[in-house]
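Using full-length UniProt numbering, the first residue of the sequence shown is number 1, and each one after it goes up by one. The C-beta atom is built at its ideal place from N, Cα and C for all residues, glycine as well. Model, not experiment: these values are computed from the prediction. A short write-up of the structure that comes next.
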Amino acid sequence: MYGIKNCDTIKKAIKWLDENHIPYVFHDYRKDGLTEALLRSFTENIDWQTLVNKRGTTWRQLSDDEKNAITDTTSAIALMLDKPAVIKRPILVASDNRFLVGFNTNDYTTFTGA
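What follows is the structure in structure tokens.
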């Protein structure tokens with residue numbers, strides 16, 4: 001699971017995984033780092049428009065020029081590297097290379113087989 005530890009949605013996802021005895025490794029962008037290679041692996045499996053959280057505070061604080069400059073994968077990756085809090089979270093990656101973005105108990109149940 002990828003995200004930022006103090007995020008409320010991450011806390012809900014971790015609680016759900018723990019309660020359902022689903023093993024996971026948590027990667028905190030702020031503590032463990034964020035690389036272009038990691039973001040490229042995300043964008044190879046998830047549309048960049050899904051990854052950029054346009055409803056969050058970080059996005060809303062961008063100028064219109066900054067927002068309008070995000071037009072493709074390359075510009076989205078540059079933004080996410082500069083402002084990791086703009087990445088929608090959590091991103092759950094299964095051992096069989098399936099990806100799930102966000103947290104919803106029904107989606108997690110289906111995704112994990114819990």
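- Straight across, the Cα-Cα distance linking Ile77 with Pro90 is about 17 angstroms.
- Taking each of Gly102, Ser75, Gly33, Thr109 in turn and checking the Cα distance to Thr50, the smallest one comes out for Gly102.
- The C-beta distance from Ile4 to Tyr29 rounds to 6 angstroms, short enough to meet the 8 angstroms contact threshold.
- Within the stretch 41 to 108, the complete alpha helix (DSSP H) segments at least 4 residues long are 48 to 51, 57 to 60, 64 to 68, 73 to 82, listed from N- to C-terminus.
- Annotation for Cys7: Arg89 place their beta carbon closer than 7 angstroms to its own, counting only its chain and skipping 5 residues before and after.
- Contact between the stretch 99 to 113 and the stretch 40 to 47 is present: three or more C-beta pairs spanning the two stretches fall below 8 angstroms.
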